[in-house]
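Below is one structure, written out as structure tokens, with a few remarks after it.
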Amino acid sequence: MTLGLSLGIVVGYLVVALALGLVAYRVSETTAEDYYLASRSIGTLVLLFTTFATLLSAFTFFGGPNLAYAAGPEWLVVMGTLDGVLFAVLWYVIGYKQWLIGARNGYVTLGEMLGDRFGSTGLRALVAGVSLLWLFPYVMLQQMGAGEALVGLTGGAVPYWGGAALITGFMILYVTVAGLRGVAWTDTLQGLFMLSVVWIAAAWVVSSLGGVGAATEGMLAARPEFGSFGGGTYTPGFIVSTAITIAFGVTMFPQINQRFFVAKSAETLKRSFALWPVLVLLLFLPAFMLGAWAAGTPIEVPDGANVLPVVLSEYAPAWLAAVVIAGAMAAMMSSSDSMLLSGSSYFTRDLYRPLIDATASERREAWIARIGVATFATLAFVASLFRPGTLIEVGGTAFSGFALLALPVICALYWPRTTRTGMIAGVAVPQATYLFVVLSSVLPLVPTLPRTVFGGWDVALGLMVLSGALTVGVSLLTAPTEESDASRFAVTGD
Amino acid sequence: MKRLRSDLLWVPTFAILVAFAVPWPLWGVDRVVAGLPVWIWWHVAWLGLCTALFALFVRSGAWERGMGQRPDGDASTGRDPSGSVGGDRR
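Chains A and B are the protein sequences, given in the same order. Okay, so the first sequence: first residue is 10 according to this note's numbering, each after it adds one. Okay, so the second sequence: first residue is 426 according to this note's numbering, each after it adds one.
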């Protein structure tokens, strides 16, 4: 009975999402600008939730409660700080500036914007290539999470590969049919859905435990160290470097960065900016506290399982557990389809068109984009079957990889003296170094290099500093090329 | 269009908002208040403060002036374009 009910809830959700996508498709135009950016016509509520939902993924929904369960509720502070405050500031510093520039010059991707400013197809392709490189593990992470979620929900009746394959197929179908307008609409649905569902779940579990005070007392009885701020995993180095690398990394994620071009008016960006800290808190507080409170309950979380489904199946009815899993899968799908869509635009506009076929028609470009999505998602699916690490490990690597792009981009946005050579050095050297560090654990003949040093400081933070220093230093030593045009980024004189 | 000198105060304001979203002064404190560790309340209140100040930043027109834009350039705002709110504030 419960198996049928659970699957019914999940499948029902997928059908609703597909229906929304088809409606969006009916009202959309077929130009590339509409396909990727919904003709820059996204309003406040939709922009807010589309960014919100794509930011949230298996990393937040399963990884976050798992970490709070294992190491304490400080994860709420780390994520709240980086996402609610630091990301909001970057939303203005990077996002609004990109919106102004993009609205003037019609850019659709980060690589296109930088390539045009510096008159360099190479830089454009480099930025797109680097982005696709780190996008791959993050798409894979969603497929891993979705596969695990369906296994947990159906008690193994749907195998891991089956769940991951189902999600992959649905994502490809959805993205290729609907484009960004469809994705944005379902993101809004999913964002609202997740917010409501996670509060209902938290209220249910807390009342079963006898209230907030009793839940916290139970947690402190089992893990007294959870009550005091800091300690254990949460060293100052861990808190600072995690917050900085993830917040900067998030701004360079293709699906987030492309959101900076889609707002209908600056008013939309402004409202979203001011609401952001509270919105983020509304989701993180119940989700992560559920993980932390679970530490005080007698539940057993099996190895490799996620704490959230386990605590729900113990303290909430089966239908509610299914609804929460559907919400989590919604977040993962939303992340994945936005990523695939943005990734495909990076591929067609920044790699295929400039390097392979500059004269491709819009129609052809749209088809190449769809084929690109299908190929990328399929490859990520195959890779996800090998399950190379935990959700947090795979996700953290991707965030740090993207974070290394942020300082060169900020330099380019604000410092007219930045040169093409400076940009290429600032992007390529730290990326190559970080890739080497990441791959050192699997490369033969190379000792595995540490990812953190001196008590939790992430090496990616050091490489971020290097990326900024290289961009500035090399720019000072080189002259701007003739093709570059700093006035492309000027937004004042009107 | 002109950047106001008072707008520069937003730079340290944002820096403080980011830095103390982590309750550093409560490092190691383990008091429980109203059912939750007190440092969680700090964080919750701080994010509320962030939203309030971010809204003020937007409404004062500093949002546009910071990028060299005219606050009334976006016709849909309809809010005080002179920036006097930001000027009064700090």
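Even glycine gets a Cβ: it sits at the ideal position worked out from N, Cα and C. Note that the coordinates shown come from a computational prediction; the quantities given were computed from them, not determined experimentally.
A distance below 7 Å between beta-carbons, with the five flanking residues on each side excluded, links L27 of chain A to the following residues of its chain, in chain order: Y183.
The beta-carbon separation of A283 of chain A and T476 of chain B, rounded to 6 Å, stays under the 8 Å limit for a contact.
In this structure P363 of chain A is in contact with R133 of chain A, their Cβ atoms being roughly 6 Å apart against a cut-off of 8 Å. Interface annotation, W466 of chain B: not in contact with chain A, CB-CB separation never under 8 Å.
Contact annotation, A325 of chain A with A223 of chain A: C-beta distance approximately 17 Å; criterion of less than 8 Å not satisfied. What A283 of chain A touches in chain B, judged by beta-carbon distance under 7 Å, is T476, F479, A480 and V483, going in chain order.
Residues are counted here when their Cβ sits less than 7 Å from a Cβ of chain A; for the segment 431-462 of chain B these are F439, L442, V443, A446, V447, P448, L451, W452, G453, V454, D455, V457, G460, L461 and P462, given in chain order. The beta carbon of L95 of chain A falls within 8 Å of a beta carbon belonging to chain B, placing the residue at that interface.
The segment 365-383 of chain A and the segment 405-413 of chain A do not touch, with fewer than three beta-carbon pairs separated by less than 8 Å. For the C-beta of S217 of chain A, not a single chain B residue is nearer than 9 Å; the gap to the nearest is close to 15 Å.
For V500 of chain A, same chain residues with a beta-carbon under 8 Å away, outside a window of 5 residues either side, are K106, L109, I110 and R113 in chain order. Judged by DSSP in its simplified three-state form, V289 of chain A adopts helix.
Put simply, of B:A440, B:W467 and B:Q494 the residue whose alpha carbon is nearest the alpha carbon of P450 of chain B is B:W467.
At least one CB atom of chain A sits nearer than 8 Å to the CB of G473 of chain B.
Identification of residues in the segment 96-123 of chain A having a C-beta nearer than 8 Å to some C-beta of chain B yields A97, V98, Y101, Y105, K106 and L109, given in sequence order.
Within the same chain, Cβ atoms closer than 7 Å to the Cβ of V87 of chain A are found at I248, T251 and A252, the five residues on either side in sequence being excluded. Residue-level contact check: S237 of chain A touches chain B, since one or more beta carbons of chain B fall below 8 Å from its beta carbon. Within chain B, the residues A446, H468 and L472 have their CB atoms less than 7 Å from the CB of G89 of chain A, given in chain order.
Minimum Cα-Cα distance from A392 of chain A among the listed residues A:I308, A:G165, A:G156 and A:G305 corresponds to A:G156.
As a beta-bridge residue in DSSP terms, D467 of chain A pairs with A:T461. DSSP, reduced to helix, strand and coil, places A499 of chain A outside both helices and strands of the structure shown, so it counts as coil. Contact annotation, W452 of chain B with F202 of chain A: C-beta distance approximately 37 Å; criterion of less than 8 Å not satisfied. Interface with chain B (8 Å Cβ-Cβ cutoff): P439 of chain A is excluded. Looking at the DSSP output, F238 of chain A shares a beta bridge with B:W452.
When the alpha-carbon of L57 of chain A is set against those of A:T384, A:D196 and A:S15, the nearest one is in A:D196. In its chain, beyond the 5 residues on either side, S140, L144, M348, S351, G352 and Y355 have a beta carbon closer than 7 Å to the beta carbon of P263 of chain A. Taking 8 Å as the cut-off, the beta carbon of A331 of chain A is found closer than this to the beta carbon of S15 of chain A. Across the structure, G473 of chain B and V287 of chain A are spaced so that their CA atoms are roughly 6 Å apart. For I465 of chain B, the enclosing alpha helix (DSSP H) has its first and last residue at V463 to R484. Under the Cβ criterion (8 Å, minimum of three pairs), the segment 299-317 of chain A does not count as touching the segment 87-96 of chain A. Among the bridge pairs identified by DSSP, Y243 of chain A is matched with A:G240. For G486 of chain B, no chain A residue has a Cβ inside 9 Å of its Cβ, as the nearest lies near 11 Å away. In the structure shown, V148 of chain A adopts helical secondary structure according to DSSP, grouped into three states.
Contact between V454 of chain B and V463 of chain B is confirmed by a C-beta separation of about 6 Å, below the 8 Å threshold. Taking the C-beta atoms as reference points, T254 of chain A is found nearer than 8 Å to A469 of chain A.
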